[in-house]
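K.L.:
Below is one structure. I have some questions about it.
Protein chains: 2
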Amino acid sequence: MGLYVQKFGGTSVGSPDRIRAVAERIAATQRQGHHVIAVVSAMAGETDRLLRLGRELAGQPIDREMDVLVSSGEQVSSALLSITLNHMGIQARSMMGFQARILTDNVHTKARIARIDADRLKEALGTHDVVVVAGFQGTDADGNITTLGRGGTDTSAVAIAAASNADVCEIYTDVDGVYTADPNICPSARKLDCISYEEMLELASLGAKVLQIRSVELAMKYGVRVHVRSSFSDAEGTMVTGEEEALESVVVAGVTTDRNAVKVTMRSVPDQPGMVANVFEPLAEANVSVDMIIQNISKDQATDLTFTVTRDDADRIGDLTERIASDIGASGVVIDNEVVKISIVGLGMRSHAGVAARMFRLLATEGINIEAISTSEIKTSCLIHEKYAELALRTLHDGFLANESSV
Amino acid sequence: MGLYVQKFGGTSVGSPDRIRAVAERIAATQRQGHHVIAVVSAMAGETDRLLRLGRELAGQPIDREMDVLVSSGEQVSSALLSITLNHMGIQARSMMGFQARILTDNVHTKARIARIDADRLKEALGTHDVVVVAGFQGTDADGNITTLGRGGTDTSAVAIAAASNADVCEIYTDVDGVYTADPNICPSARKLDCISYEEMLELASLGAKVLQIRSVELAMKYGVRVHVRSSFSDAEGTMVTGEEEALESVVVAGVTTDRNAVKVTMRSVPDQPGMVANVFEPLAEANVSVDMIIQNISKDQATDLTFTVTRDDADRIGDLTERIASDIGASGVVIDNEVVKISIVGLGMRSHAGVAARMFRLLATEGINIEAISTSEIKTSCLIHEKYAELALRTLHDGFLANESSV
């Protein structure tokens, strides 16, 4: 007899019929002799409806009360699911965040889970076959209702799976797993049977569509096996696990593009010691995350310094970068929005030489110019003009992944 | 500086505009230097919407989860009101039942408040000008969410006023007070400035439209002054208080009709000792409340025994009364639905003789036959044919109340 945590998103509980289908799925697991902790989001559209109501009454509604407001959505869906399960003859009960003792910090609207008192969940499972926990919500140390931010129900589910030592945390969603690339752009993209936590984190733009990134961090930290699968079929999805479980580690697990990068170039920076620090210290003080950094070869005692920031940060650093340029005697600043970051990710890159070189060659073959490069242990990223985004994705995917028989 | 408890029903918080109007009213009280505890119902229509959702998923949805489901309605309205107050610059915070420590028994969907830990409310009032409490809900000793039954927000408000030693409990509603009779039937009906708890309880059919009866019992028990008033005007409404405050106690405060009575007659009951007990003991065991009882004069060692029950009970006691009749040797049972109970209520009846006689005379003058009579210390009720209901109401109201200059 095992313990399954099953997370159902807003679309999965979006109507009475959908709730019945979810209840059937839970019932099937329970009939196999397992206990189930279901973790649910609000019915699709409900959170947005509540946010609109709140914003209609105040342009900047107070965060504490917005948490009280929107957390009601998960209260409704968890009650409805529990009602349906009981109607089917299954002993089920709902638990709100305060009842399941999901303790968070006090950062309203984007709280982080500090601790879960699993005794409450275990107590409930002692008398019930199924416990339905309202996702996305918790309480802080003073008993205020908090919420975990968009996609927070994933994090609730993984944290509950960790606290209750569940065998697996199943994330039911409207796609059937994690793909080697976005199938809308790359027709040869394949569903992965298995992926490591590290790869999943690096495949942010793919991962974000199916899993809140924080939930992956939490799964990695506590070794929770996460099974991403479709709520509309019984097919196996993608298992996200520690790398020791990913038996046949492949060189490249996936290719992903990130349109959130903006390229900033500081022209003719005087080539003197300490200059680069003079550029990046003020940016760090302004809380700007810098991703890729390139310093070109010096010419006439000056060099062009290029780096990337996120789009949000780019909007607010125009003045700051101009001031820095003036302070250090650079000739000016150019901000380029028409770029995209394309990355290949795979645990195998650590042990396979030449992967980056092959990436550069594949892009060059298609005449795609590389504007910047950055690497991590399991990822290589290139900044390219955004007009090449789709072409580059298909080229790299087919070059690295299309001919592999399995992943 | 005082403490006001202000209760707002579903219509009063039924839309963003209405919520703004409620916030303005609270702000006006706060500007006068008072603290306010607002107690709110769900937005009009929301509780019914949630009940429908629950019943769509299960014919007989489990009570515990229905409480989780419907209590979300008050969570939403209290958060929205608190958002609006903060937007107006008023320090306000919402409290759910579990946060305000509104402890109830564990009878889901119709729980009774056992205790309120006022320390939590006082703590919140120490840092905020206004506390908005979700009405209708509490938690039992095990932390389960409970609700108090239809109209339960009145009871929440009175209980909170009692626990927090508030100066007054204002019940804002869509009528402007308690009337001497239903103004829709009796054009000369007048709003009462003041009424005693006892009279309010007896005027059930009038009172039920503006106040849940349990809230009046609670107000009487703890001496909470309840001010029933309109949420659409600033006019004074009706103050419900102890009789010592009702300075000029009138003979009759109001006239009310009750269409919930059904007349049951057991024919030719043998006139022997213990016979009446043989009839009413089985009814009591079946949890049937019997109201009026009349035993006619015996004739041929047999008598007709008449009593009234509520309509709900009448539907389920057909077989039981037939069996009782057969057991005691009565000749049969006649159930009459075409009756109405009309009552006059007033503290002054205790000290004024002849009030009942005057009632009978007024009805007789209009040719209205009295089928049964019952009296309490401050109420006299007559059972009449339902076709006379409106005529009897106007006749008694004009006979007792139309010429009094004040009440």
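Here the protein sequences come in this chain order: A and B. Using the working numbering, read the first sequence as starting at 743 and increasing by one per residue. Using the working numbering, read the second sequence as starting at 743 and increasing by one per residue. Think of the CB as a built atom: it goes at the ideal place given N, C-alpha and C, for glycine as much as any other residue.
Could you check the C-alpha separation between Val-747/A and Val-874/A for me, to the nearest Å?
P.N.:
Numbered from its first residue, the first sequence carries residue 747/A at position 5. Numbered from its first residue, the first sequence carries residue 874/A at position 132. Straight-line Cα distance between these residues: approximately 10 Å.
K.L.:
So, for Val-1149/B: in the same chain, excluding its five sequence neighbours on each side, which residues have a beta-carbon less than 6 Å away from its beta-carbon?
P.N.:
Stepping through the second sequence from its first residue, residue 1149/B is reached at position 407. Here Val-1149/B scores only 38 on pLDDT, less than 50, and its place in the model should not be relied on; the value that follows carries that caveat. Excluding positions up to five away in sequence, the list reads Leu-934 and Val-992.
K.L.:
Which word fits Ile-1039/A, buried or exposed, when buried means at least 16 other C-beta atoms lie within 10 angstroms of its C-beta?
P.N.:
Working through the first sequence from its first residue, we reach residue 1039/A at position 297. Exposed, by the Cβ-count rule.
K.L.:
Which runs of the beta strand (DSSP E) fall wholly inside the region 781-842 of chain B and span at least 3 residues, in chain order?
P.N.:
List check, beta strand (DSSP E) in window: 834-837.
K.L.:
In whole angstroms, what is the alpha-carbon distance linking Met-1101/B and Gln-1037/B?
P.N.:
Along the second sequence, read from residue 1 onward, the residue named residue 1101/B stands at position 359. Along the second sequence, read from residue 1 onward, the residue named residue 1037/B stands at position 295. Met-1101/B and Gln-1037/B: Cα-Cα distance of roughly 21 Å.
K.L.:
Taking the alpha carbon of Ile-858/A as the point to measure from, which residue in Leu-1104/A, Thr-846/A and Thr-980/A has its own alpha carbon closest?
P.N.:
Position 116 of the first sequence holds residue 858/A. Selected option, being the one with the closest Cα: Thr-846/A.
K.L.:
Give the secondary structure of Phe-974/B by DSSP, where H, G and I count as helix, E and B as strand, and everything else as coil.
P.N.:
Translated into the one-based positions of the second sequence, residue 974/B becomes position 232. In the structure shown, Phe-974/B sits in coil (DSSP, three-state: anything other than H, G, I, E or B).
K.L.:
Label Gly-831/B either buried or exposed according to how many other C-beta atoms from any shown protein chain fall within 10 Å of its C-beta, with 16 as the threshold for buried.
P.N.:
Here residue 831/B refers to the residue found at position 89 of the second sequence. Gly-831/B comes out exposed.
K.L.:
Output yes if chain C places a C-beta closer than 8 Å to the C-beta of Val-818/A; else output no.
P.N.:
Of the protein chains in this structure, namely A and B, none is chain C.
K.L.:
Residues of chain B with CB under 7 Å from Gln-841/A, in chain order?
P.N.:
Walking along the first sequence from the start, residue 841/A turns up at place 99. The answer, in chain order, is Gly-885.
K.L.:
Quick check on Ile-858/A - is its C-beta less than 8 Å from some C-beta in chain B?
P.N.:
Position 116 of the first sequence holds residue 858/A. Not one chain B Cβ lies under 8 Å of Ile-858/A.
K.L.:
Among the candidates Ala-834/B, Leu-1089/B, Lys-852/B and Thr-789/B, whose CA atom is the shortest distance from the CA of Val-994/B?
P.N.:
Locating residue 994/B in the second sequence gives position 252, where the first residue counts as 1. Of the listed residues, the one whose Cα sits closest to Val-994/B is Leu-1089/B.
K.L.:
So, Phe-1142/A versus Val-920/A, is the Cβ gap smaller than 8 Å?
P.N.:
For the purposes of this step, residue 1142/A is taken as the residue at position 400 of the first sequence. For the purposes of this step, residue 920/A is taken as the residue at position 178 of the first sequence. No, the Cβ-Cβ distance between Phe-1142/A and Val-920/A is not below 8 Å.
K.L.:
Does the beta carbon of Arg-806/B come closer than 8 Å to any beta carbon on chain A?
P.N.:
Sequence index remark: in the second sequence, residue 806/B carries index 64 (1-based). Closer than 8 Å: yes.
K.L.:
Let me know if Asn-806/A comes out buried or exposed under the rule of 16 or more other beta-carbons within 10 Å of its beta-carbon.
P.N.:
On the first sequence, position 64 is the one that residue 806/A refers to. Per the sequence presented here, residue 806/A reads as Arg, with Asn not at that position. By the neighbour-count rule (16 or more Cβ atoms within 10 Å), Arg-806/A is buried.
K.L.:
Quick one: using the 10 Å Cβ neighbour count with 16 as the cut-off for buried, is Asn-828/A buried or exposed?
P.N.:
In the first sequence, residue 828/A corresponds to position 86, counting from 1. It is buried - the Cβ of Asn-828/A has at least 16 other Cβ atoms within 10 Å.
K.L.:
Go to Ile-1120/A, then tell me how far its beta strand (DSSP E) extends in each direction, as first and last residue.
P.N.:
Here residue 1120/A refers to the residue found at position 378 when the first sequence is read from its first residue. That residue, Ile-1120/A, is in no beta strand (DSSP E); it is neither H nor E in DSSP.
K.L.:
Excluding the 5 residues preceding and the 5 following Glu-985/B in the sequence, name in chain order all residues of the same chain whose CB lies nearer than 6 Å to its CB.
P.N.:
Counted from its first residue, the second sequence places residue 985/B at position 243. Cβ within range, chain order: Ser-938 and Leu-1089.
K.L.:
Within 8 Å (strictly less), CB to CB, does Val-778/B reach chain A?
P.N.:
Indexing the second sequence from 1 puts residue 778/B at position 36. Val-778/B does not count as touching chain A.
K.L.:
Apply the 10 Å Cβ neighbour rule to Asn-886/B and answer buried if 16 or more other Cβ atoms are within range, or exposed otherwise.
P.N.:
The sequence position of residue 886/B within the second sequence is 144, counting from 1. With 16 or more Cβ atoms within 10 Å of its Cβ, Asn-886/B is classed as buried.
K.L.:
For chain B, find out if any of its Cβ atoms is closer than 8 Å to the Cβ of Leu-811/A; answer yes or no.
P.N.:
On the first sequence, residue 811/A is found 69 positions in, with the first residue counted as 1. Judged by the 8 Å Cβ criterion, Leu-811/A is in contact with chain B.
K.L.:
When you compare the CB positions of Lys-1005/B and Thr-1050/B, do they come within less than 8 Å of one another, or not?
P.N.:
As a position in the second sequence, residue 1005/B is number 263, starting the count at 1. As a position in the second sequence, residue 1050/B is number 308, starting the count at 1. Contact flag set, yes.
K.L.:
Ignore the nearest five residues each way along the sequence and tell me which others in Ser-1123/B's own chain have a CB closer than 6 Å to its CB.
P.N.:
The residue labelled residue 1123/B in the question sits at position 381 within the second sequence. If we look at Ser-1123/B and ignore the five residues flanking it on each side, its Cβ neighbours are Lys-1083, Ser-1085 and Ser-1116.
K.L.:
Within the continuous alpha helix (DSSP H) that includes Lys-933/B, where are the two ends?
P.N.:
Position 191 of the second sequence, counted from the first residue, corresponds to residue 933/B. Where Lys-933/B is concerned, there is no enclosing alpha helix (DSSP H), given that its DSSP letter is neither H nor E.
K.L.:
Over the uninterrupted beta strand (DSSP E) stretch that includes Met-981/A, give me the two end residues.
P.N.:
Along the first sequence, read from residue 1 onward, the residue named residue 981/A stands at position 239. First-last of the beta strand (DSSP E) with Met-981/A: 980-983.
K.L.:
Buried or exposed, going by whether 16 or more other CB atoms sit within 10 Å of the CB of Ala-1095/A?
P.N.:
Counted from its first residue, the first sequence places residue 1095/A at position 353. Under this definition Ala-1095/A is an exposed residue.
K.L.:
Starting from Leu-695/B, trace the alpha helix (DSSP H) both ways and give me its first and last residue.
P.N.:
Because residue 695/B is not part of the residues shown, which for chain B are 743 to 1149, the question remains open.
K.L.:
So if DSSP puts Met-942/B in a beta bridge, which residue, or which two residues, is it bridged to?
P.N.:
Taking the second sequence and counting its residues from 1, the one referred to as residue 942/B is at position 200. Paired residue(s): none; Met-942/B is not in a bridge.
K.L.:
Quick check: what's the CA-CA separation for Pro-929/A versus Glu-766/A?
P.N.:
Taking the first sequence and counting its residues from 1, the one referred to as residue 929/A is at position 187. Taking the first sequence and counting its residues from 1, the one referred to as residue 766/A is at position 24. Cα to Cα, Pro-929/A sits roughly 33 Å from Glu-766/A.
K.L.:
By alpha-carbon positions, which one of Pro-1015/B, Ala-1056/B and Asp-1042/B ends up nearest to Asn-1029/B?
P.N.:
Taking the second sequence and counting its residues from 1, the one referred to as residue 1029/B is at position 287. It is Ala-1056/B whose Cα lies nearest to the Cα of Asn-1029/B.
K.L.:
Mind listing the chain A neighbours of Leu-845/B? Cutoff is C-beta to C-beta under 7 Å, in chain order.
P.N.:
Translated into positions along the second sequence, residue 845/B becomes position 103. Per Cβ cutoff of 7 Å: no residues; Leu-845/B is ~15 Å from chain A at best.
K.L.:
Helix, strand or coil for Ala-899/A? Go by DSSP, reduced to three states.
P.N.:
In the first sequence, counting from the first residue as 1, residue 899/A sits at position 157. Looking at Ala-899/A - three-state DSSP - the assignment turns out to be helix.
K.L.:
Going along the chain, which residues of its own chain have a beta-carbon closer than 7 Å to the beta-carbon of Ile-761/B, five neighbours each way excluded?
P.N.:
Taking the first residue of the second sequence as position 1, residue 761/B is located at position 19. Cβ neighbours of Ile-761/B beyond the five flanking positions: Val-755, Leu-822, Leu-823 and Thr-826.
K.L.:
Answer yes or no: does any C-beta atom of chain B fall closer than 8 Å to that of His-870/A?
P.N.:
Your numbering for residue 870/A matches position 128 in the first sequence. No, no contact with chain B.
K.L.:
Judging by CA-CA distance, which residue of Gly-877/A, Gly-891/A, Ala-908/A and Leu-960/A is the nearest neighbour of Lys-864/A?
P.N.:
Numbered from 1 along the first sequence, position 122 holds the residue referred to as residue 864/A. With distances taken between Cα atoms, Lys-864/A lies closest to Ala-908/A.
K.L.:
According to DSSP, which residues form a beta bridge with Val-968/B?
P.N.:
Residue 968/B sits at position 226 when you count from the first residue of the second sequence. Paired residue(s): Cys-911/B and Val-982/B.
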